Amino acid sequence: MSWILACQKEDIEQEDLLRFDFNGKTFLIYRSPDDTYFCTDGLCTHESVHLEDGLVMEYEIECPKHNATFDYRTGEALRAPACINLNTYETRIDGDNILILIQ
Amino acid sequence: MQRDYSLVGETAQRAIDTGLATADWYHTDIDRKDMKALMQRSDAPAIRDTFILFALMISASTLAIYLMPSWWSAPFWLIYGVLYGSAMDSRWHECGHGTAFKTRKYNDMLYQVASFCMMRNPIEWRWSHARHHTDTVIVGRDPEIAIMRPVRFLSLLLKYMGLIQGFSGIVSILKYSMGKMNPAVESFIPEQERRKVFRVARIWLAIYVITIVASLYFSSWIPVLLIGAPTIYGAWHHVLTGFLQHGGLAENVIDHRLNSRTVYMNQINRFIYWNMNYHVEHHMFPMVPYHQLPKLHEKIKHDLPLANTSIFDGYKEVLPALWKQSTDPDFFVIRRLPATARPYRADLHQQALG
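Order-wise, the sequence lines are chains Z and P.
Going by the working numbering, the first sequence opens with residue 1, and the numbers climb by one from there.
Going by the working numbering, the second sequence opens with residue 1001, and the numbers climb by one from there.
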């Protein structure tokens, strides 16, 4: 496991997300309404639709295709058709940089 | 020869093998900020529309009951029927997407009511509609293809009369009440969800039994005219508008501009249909709420085929196409794009575009 530079703080608006691809995997970095940063896998666990075009509402991310909804802080699947949780990853702020802890 | 629309047949496997299933579909480019604004949820429009809908249903049914047994009650039953058997179709649809209201429990409540009115099991149809959006009009994958080829006009007529939907609704309630599910439905509902399907069906069966017993006990048609029968006698409007969605257009393509149709309609039809006349837009961006679809249409219409100007104009295109498809199942209409649009991807649609 190592800390990887994903983006800068100002790259993401409040209550929004940014896609980050690394080593053949795709992630999402979220900035919550209280300016905390979170990271999850980028693909919906239902049918692998990328969540980058989804709507962030408070602490939830909604799949742009089927309305599956996840709590991006915990990855918990909140609404069908998703039944499997999203993987989450630790984030760290280093100055203006957002780092994520991944393999 | 009838095409194989089964979800568990050879065509289904071919769709998977050829990459048509769960494919990456064409999207018109739209700025993330604009899309975020369009996707924002609001309770106000749906609360207003739901209040109007139920007020109209209560008024129409009250007048209908008051005027019974005179034939003067018939127009009010027809109004009530369309609100129950067609407006509830679009409420079922929009609340199933979770986009009608901002508040999730409001979506869920209206979804349950509308599912009951349409005799559509709320769990089964949520999964079925998710598949319809993943694999829109992909033969062997989409469980909601309304017009199958070769087209059989008798079957379309029975759908306009609500008989096919009513019959299949009753059969599925009875079957699910007994805990039975066929393999095609099992193909899109995860195992952990199936028990919920059966539970809802048993509750509904109890409601219908009570309704029928009440009709018999009071020797009156009123209970069944209020509950159950409107799914049939009020279905014509959602079939009228629904056949325009994909009728006569291509199968097995991965560009909604080739298989879906946008049709301009008047305010009354759009109230009943909750703006689903913007159907290309809805399929391309299904998380945009119904009340934002006219704005989305304005933003992306430069990239879409010209919308049909009315229901009549839509049927001028659909009916001749269906007529040809009754003898030539390979025929379909290719809607021309404006000069401002990105062209259809011929490499992805060789079979469709030639």
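Cβ atoms here follow ideal geometry from the backbone N, Cα and C, with glycine treated the same way.
These numbers come from a predicted model, not from an experiment.
Inter-stretch contact at 8 Å, needing at least 3 Cβ pairs: the stretch 1056-1064 of chain P / the stretch 1239-1256 of chain P: no
Three-state class that DSSP yields for H1283/P in the structure shown: Position 283 of the second sequence, counted from the first residue, corresponds to residue 1283/P. Of the three classes helix, strand and coil, the one that applies to H1283/P here is helix, per DSSP.
Of the listed residues I1123/P, H1133/P, G1085/P, L1020/P, nearest to L1240/P (C-alpha basis): In the second sequence, residue 1240/P corresponds to position 240, counting from 1. Per the Cα distances, G1085/P.
Are there three or more Cβ pairs, one per stretch, closer than 8 Å when the stretch 1115-1127 of chain P is compared with the stretch 1192-1203 of chain P? yes
To the nearest angstrom, how far is it from the Cα of T1134/P to the Cα of K1324/P? On the second sequence, position 134 is the one that residue 1134/P refers to. On the second sequence, position 324 is the one that residue 1324/P refers to. Between T1134/P and K1324/P, the C-alpha separation is close to 28 Å.
For a contact defined as C-beta to C-beta under 8 Å, what are the partners of R1195/P on chain Z? Here residue 1195/P refers to the residue found at position 195 when the second sequence is read from its first residue. Near R1195/P there are no residues of chain Z at all, since even the closest Cβ is about 14 Å away, more than 8 Å.
Could you give the distance in angstroms between the alpha-carbon of L1157/P and the alpha-carbon of I29/Z? Against the second sequence, residue 1157/P aligns to sequence position 157. Against the first sequence, residue 29/Z aligns to sequence position 29. Approximately 52 Å, taken between the alpha carbons.
Listed by chain order, chain P residues near E62/Z by CB distance under 9 Å: Taking the first sequence and counting its residues from 1, the one referred to as residue 62/Z is at position 62. Correct list: M1039, G1098, M1287.
Whole-number beta carbon distance between E47/Z and T1022/P, since they are thought to touch under 8 Å: The residue given as residue 1022/P occupies position 22 in the second sequence. The residue given as residue 47/Z occupies position 47 in the first sequence. Contact flag correct, Cβ pair sits at about 6 Å.
So, are the CB atoms of G1179/P and M1119/P less than 8 Å apart? The residue labelled residue 1179/P in the question sits at position 179 within the second sequence. The residue labelled residue 1119/P in the question sits at position 119 within the second sequence. The answer is no: Cβ separation not under 8 Å.
Using DSSP with H/G/I as helix, E/B as strand and the rest coil, what is Q8/Z? The residue you call residue 8/Z lines up with position 8 of the first sequence. Strand.
Give me the chain P residues within the contact set of R79/Z, using Cβ-Cβ distance strictly less than 8 Å, ordered along the chain. As a working mapping, residue 79/Z is identified with position 79 in the first sequence. Ordered by position in chain P, the residues that pass the 8 Å Cβ test against R79/Z are G1098, R1104.
Compute the beta-carbon to beta-carbon distance between T40/Z and F20/Z, rounded to the nearest angstrom, for a pair I have assumed lies under 8 Å. Numbered from 1 along the first sequence, position 40 holds the residue referred to as residue 40/Z. Numbered from 1 along the first sequence, position 20 holds the residue referred to as residue 20/Z. The C-beta distance from T40/Z to F20/Z rounds to 11 Å, too long to fall under 8 Å, and the pair is not in contact.
Using a Cβ-Cβ cutoff of 7 Å, what residues of the stretch 1125-1139 of chain P are near chain Z? List them in chain order. R1126, W1127, A1130, H1133, T1134
Let me check one thing: in DSSP terms, what residues is L17/Z bridge-paired to? As a position in the first sequence, residue 17/Z is number 17, starting the count at 1. Paired residues: Y30/Z.
Which residue marks the beginning of the beta strand (DSSP E) containing T91/Z, and which one marks its end? Translated into the one-based positions of the first sequence, residue 91/Z becomes position 91. Element bounds for T91/Z: 91-94.
For a quick check, are the C-beta atoms of L1244/P and V1318/P less than 8 Å apart? Here the question's residue 1244/P lines up with position 244 in the second sequence. Here the question's residue 1318/P lines up with position 318 in the second sequence. Contact: yes.
From the DSSP output, in three-state form, read off T88/Z for me. On the first sequence, position 88 is the one that residue 88/Z refers to. Annotated three-state conformation of T88/Z is strand, per DSSP.
Given this structure, state the Cα-to-Cα distance separating Y59/Z from Y72/Z, to the nearest angstrom. Locating residue 59/Z in the first sequence gives position 59, where the first residue counts as 1. Locating residue 72/Z in the first sequence gives position 72, where the first residue counts as 1. Rounded to whole angstroms, Y59/Z to Y72/Z spans 6 Å at the Cα level.
Please state the DSSP three-state secondary structure of K1102/P. As a position in the second sequence, residue 1102/P is number 102, starting the count at 1. Look at K1102/P here: in three-state DSSP terms it is coil, with no helix or strand label.
Counting pairs of beta carbons, one from the stretch 1204-1224 of chain P and one from the stretch 1127-1145 of chain P, are three or more of them closer than 8 Å? no
When the distance is taken between beta carbons, is Q1013/P closer than 8 Å to P1150/P? Position 150 of the second sequence, counted from the first residue, corresponds to residue 1150/P. Position 13 of the second sequence, counted from the first residue, corresponds to residue 1013/P. No, they are not a contact pair.
Once you ignore the five residues that flank S1184/P on each side, which residues in its own chain have a CB closer than 8 Å to its CB? Taking the first residue of the second sequence as position 1, residue 1184/P is located at position 184. The sequence as given places Ala at residue 1184/P; Ser does not occur at that position. Around A1184/P: S1006, L1007, V1008, P1143.
With 8 Å as the threshold, decide whether the Cβ of K1299/P is near any Cβ in chain Z. One-based indexing of the second sequence puts residue 1299/P at position 299. False, the Cβ-Cβ gap to chain Z never drops below 8 Å.
Classify H1027/P as helix, strand or coil using the three-state DSSP reduction. Within the second sequence, the letter at position 27 stands for residue 1027/P. In the three-state DSSP reduction, H1027/P falls in the coil class, being neither helix nor strand.
Please go through the same chain and pick out, in chain order, the residues whose beta-carbon is closer than 8 Å to the beta-carbon of F1188/P, but skip the five residues on each side of it. Taking the first residue of the second sequence as 1, we reach residue 1188/P at position 188. Closer than 8 Å at Cβ, skipping near neighbours: L1007, W1127, S1128, A1130, R1131, P1143.
For C39/Z, report the span of its beta strand (DSSP E) as first-last. On the first sequence, position 39 is the one that residue 39/Z refers to. Here the beta strand (DSSP E) through C39/Z covers 37-41.
Out of K65/Z, L86/Z, E10/Z, A80/Z, which has the shortest C-alpha to C-alpha gap to G42/Z? Taking the first residue of the first sequence as 1, we reach residue 42/Z at position 42. That would be L86/Z, whose Cα lies nearest to the Cα of G42/Z.
Quick one: which chain P residues come within Cβ less than 7 Å of C83/Z? As a working note, residue 83/Z is residue 83 in the first sequence. Under the 7 Å cutoff, chain P gives P1190, Q1192.
In angstroms, rounded to a whole number, what distance separates the CA positions of G24/Z and I4/Z? Against the first sequence, residue 24/Z aligns to sequence position 24. Against the first sequence, residue 4/Z aligns to sequence position 4. Answer to the nearest angstrom: the Cα atoms are 14 Å apart.
Pick helix, strand or coil for F22/Z, following the three-state DSSP scheme. Locating residue 22/Z in the first sequence gives position 22, counting from the first residue. Residue state, collapsed to three classes: strand.
Cβ-based burial, V1171/P [other Cβ within 10 Å; buried from 16]: For the purposes of this step, residue 1171/P is taken as residue 171 along the second sequence, with counting starting at 1. That one is exposed.
Return the bridge partner residues of W3/Z from the DSSP annotation. Mapped onto the first sequence, residue 3/Z falls at position 3. Looking at the DSSP assignment, W3/Z forms a beta bridge with L101/Z.
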